[in-house]
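K.L.:
Here's a structure for you.
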């Protein structure tokens, strides 16, 4: 006699209990005062993933040279970006924390953290630990993966939870530069300005990294050549920060309908004399003017919240450089900040990680 086989359909369901969602941005000084800026610079630059040189050399460089001399200059710039709500980066993070909590509902507990300074990653994780959550989802606010940003958040989280007796399920969002809603968010902002007037050229400026950090990520030693290797995404360069940036530009350009020859991808914020990934934004700008670009729309798609690097560096300093060389109109496209589509993006990232 044939025995019937019982078939069971397994449906993915969320486990009972609450899920913690830790959203993490880079960080900001507690205030624009010189001591607070110095403390921030020390914590940030002493991270071995940010300045990847031996610890003795890094300690001398940061504590003996950079922090003492750069803090007073940086404090003046931070005062220019500070608002009645404090640091824009932290303020937008706090708004997003509230909006995301509302959107996700009572099954989730959302906490904002900064990789450097406050609120700290440790404070957020400790709060989760005391709540007895079923799982924790960590979303670094960096669209493109880099060891110095996303990788550093991973390392810090694992350093903290590695000391716990009970470690719950932990999920990380690696990158989201190709997420349709993330792309659509910047497309909407770009279209807003493109509807107001015509632009000769479109600049996509990303935060830079030392070339040596990109080379370290090429474990084969055969892929990264700083040439055509970044002109497409594939399995062997999917974690290359430079390749991800070029891919982000291609996606935005396609959605915005920008023709070839009318846009440029470049990299800003380089520090020191060692080579950083190219082309450099401050060298590209004069070249654009020389080629006839008089009106430029500038994007900063490596940032999800406006900060010193967007407001001051791209919005003010590059505008002055552009006009000094003969340019007429420079417009910065703001970051996603607390826009509804950014909240939608985060909800989708959480839901994907939770199942």
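In the UniProt record's numbering, the protein residues as written are 1 to 355.
Note that beta-carbon positions come from the ideal geometry of N, C-alpha and C, so glycine has one too.
If you're wondering where the values come from, they're calculated on a predicted model, not measured in any experiment.
Which whole-angstrom value describes the C-beta separation of residue 247 and residue 178, a residue pair presumed to lie in contact below a C-beta threshold of 8 Å?
P.N.:
Confirmed, Cβ separation roughly 7 Å.
K.L.:
Select from 168, 72, 193 the residue whose C-alpha is nearest the C-alpha of residue 331.
P.N.:
For residue 331, the nearest C-alpha among the options comes from 193.
K.L.:
Going straight from the alpha carbon of residue 41 to that of residue 89, what length do you get?
P.N.:
Approximately 16 Å, taken between the alpha carbons.
K.L.:
Between the Cα of residue 150 and the Cα atoms of 132, 355, 175, which residue gives the shortest distance?
P.N.:
Cα-wise, what sits closest to residue 150 is 175.
K.L.:
Within 10 Å of its beta-carbon, does residue 123 have 16 or more other beta-carbons around it, so buried, or fewer, so exposed?
P.N.:
So residue 123 ends up on the exposed side.
K.L.:
Would residue 268 and residue 217 be called neighbours here (beta carbons separated by less than 8 Å)?
P.N.:
Result no, Cβ atoms of residue 268 and residue 217 do not sit closer than 8 Å.
K.L.:
When burial is assigned at 16 or more other CB atoms within 10 Å of the CB, is residue 166 buried or exposed?
P.N.:
Under this definition residue 166 is an exposed residue.
K.L.:
Skipping 5 residues on each side, what residues in its chain have a beta carbon closer than 7 Å to that of residue 115?
P.N.:
Cβ neighbours of residue 115 beyond the five flanking positions: 24, 26, 27, 121, 152, 153, 156.
K.L.:
For residue 60, count the other beta carbons within 10 Å of its own beta carbon; 16 or more makes it buried, fewer makes it exposed. Which is it?
P.N.:
Residue 60 comes out exposed.
K.L.:
Do residue 244 and residue 145 have their beta-carbon atoms positioned less than 8 Å apart in this structure?
P.N.:
Result yes, Cβ atoms of residue 145 and residue 244 sit closer than 8 Å.
K.L.:
The beta strand (DSSP E) spanning residue 25 covers which residue range?
P.N.:
From DSSP, the beta strand (DSSP E) with residue 25 extends over 19 to 27.
K.L.:
According to DSSP, is residue 210 part of a helix, a strand, or is it coil?
P.N.:
The answer is strand: DSSP assigns residue 210 an E or B state.
K.L.:
At which residue ranges does the region 224 to 307 contain complete alpha helix (DSSP H) runs of 4 or more residues, listed in the order of the chain?
P.N.:
241 to 256, 281 to 290, all fully within the region 224 to 307.
K.L.:
How is the alpha helix (DSSP H) around residue 129 delimited, first residue to last?
P.N.:
Unbroken alpha helix (DSSP H) run through residue 129: 121 to 131.
K.L.:
Please work out which residues of its chain come closer than 7 Å, Cβ to Cβ, to residue 32, disregarding the five sequence neighbours upstream and downstream, and give them in chain order.
P.N.:
So the qualifying residues of the chain are 75, 78, 79, 82.
K.L.:
Can you list, in chain order, the residues of its chain whose CB lies under 6 Å from that of residue 17, leaving out five sequence neighbours each side?
P.N.:
The answer, listed in chain order, is 134.
K.L.:
Whole angstroms are fine: how far does the CA of residue 103 sit from the CA of residue 55?
P.N.:
Spanning the two alpha carbons is a distance of roughly 43 Å.
K.L.:
Can the beta-carbon of residue 342 be found less than 8 Å from the beta-carbon of residue 96?
P.N.:
Yes, the pair counts as a contact, with Cβ atoms nearer than the cut-off.
K.L.:
Can you look up residue 332 in the DSSP assignment and give me helix, strand or coil?
P.N.:
Strand at residue 332.
K.L.:
Nearest-angstrom Cα distance between residue 300 and residue 333?
P.N.:
Cα to Cα, residue 300 sits roughly 7 Å from residue 333.
K.L.:
If residue 220 sits next to residue 233, beta carbons under 8 Å apart, how far is it from one beta carbon to the other, in whole angstroms?
P.N.:
Incorrect: roughly 16 Å between the Cβ atoms, too far for contact.
K.L.:
Between residue 199 and residue 141, what straight-line distance do the alpha-carbon atoms span, to the nearest angstrom?
P.N.:
Their Cα atoms are separated by approximately 29 Å.
K.L.:
Give the straight-line distance between the Cα atoms of residue 264 and residue 292, rounded to the nearest whole angstrom.
P.N.:
About 14 Å.
K.L.:
To the nearest angstrom, how far is it from the Cα of residue 92 to the Cα of residue 260?
P.N.:
C-alpha separation (whole angstroms): 34 Å.
K.L.:
How is the alpha helix (DSSP H) around residue 78 delimited, first residue to last?
P.N.:
Start and end: 67 to 81.
K.L.:
What is the rounded straight-line gap between the Cα of residue 276 and the Cα of residue 211?
P.N.:
Their Cα atoms are separated by approximately 5 Å.
K.L.:
Keeping to the same chain, check which residues put their C-beta closer than 8 Å to that of residue 313; ignore five residues upstream and five downstream.
P.N.:
Cβ within range, chain order: 268, 269.
K.L.:
Going by the beta-carbon positions, is the gap between residue 205 and residue 266 smaller than 8 Å?
P.N.:
Cβ atoms of residue 205 and residue 266: closer than 8 Å.
K.L.:
In terms of residues, what are the limits of the beta strand (DSSP E) holding residue 135?
P.N.:
That run of the beta strand (DSSP E) goes 135 to 140.
K.L.:
Less than 8 Å separating the beta-carbons of residue 286 and residue 325?
P.N.:
Contact flag set, yes.
K.L.:
Pick helix, strand or coil for residue 390, following the three-state DSSP scheme.
P.N.:
Because the chain in this structure spans residues 1 to 355, residue 390 falls outside the shown range and cannot be described.
K.L.:
Kindly indicate which three-state DSSP category residue 37 falls into: helix, strand or coil?
P.N.:
Correct three-state label for residue 37: helix.
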